[in-house]
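Going by our numbering, the first residue of the sequence shown is number 299, and it counts up by one from there. In this text, a Cβ means the ideal position worked out from N, Cα and C, and glycines have one as well.
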Amino acid sequence: MLVATGLLNGCGPTVSNAVRVKAFAPDGTPRMELDESTFKDLQSRGLIIEYQPGDTVHLNMQVDSDLVEVEGGQLAPVTLIVRQQIWLYSSPEGMLLSTDGSTFNSWRDAIDGGISFGVGLDGKNHRNTASLNLRGRLDR
């Protein structure tokens, strides 16, 4: 299993020497040959993953807090569907985004949006509620 992680800090190194791969098709089929030599020096070079419209990304979320915990211990993954071709660059130094495969920018600079969080009481169903809204649009 290939896992790429990066700090979402918006600052990024040069991507010219990064390992380039294509994301798995929605049915899980590899779009290119993936072998161990492909990922040599991955940590130092970084990874660029190309996503096509219709690709799915399983977003894992976790809550790490002294204040609250998730019932059952973990959240179920959320499936995201890619709407346009994008490339994500991931390295220990940061995460970058590209819409053309060659020009990479901080994901924070490329996406116009925000995060909002709200809490409330649902009197009808007698439960406490919270909502998390992630909004993102490419800044064109």
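Please state if the CB of D410 and the CB of R439 are separated by a distance shorter than 7 Å. Since the first residue shown for the chain is 299 and the last is 438, residue 439 is missing from the structure and cannot be characterised.
Do W405 and L419 have their CB atoms nearer than 7 Å? With contacts defined as CB atoms closer than 7 Å, W405 and L419 fail to qualify as a contacting pair.
Segment limits, alpha helix (DSSP H) that includes A408: 405-408
Run of the alpha helix (DSSP H) containing R343, from where it starts to where it stops: 340-343
If we ignore side chains and look at the alpha-carbon of each, how far apart do N423 and A323 end up? 41 Å
Between A321, L432, V417, which lies nearest to R425 when the distance is taken from Cα to Cα? Among A321, L432, V417, the Cα nearest to that of R425 belongs to V417.
Three-state class that DSSP yields for R425 in the structure shown: Reduced to three states, the DSSP call for R425 is strand.
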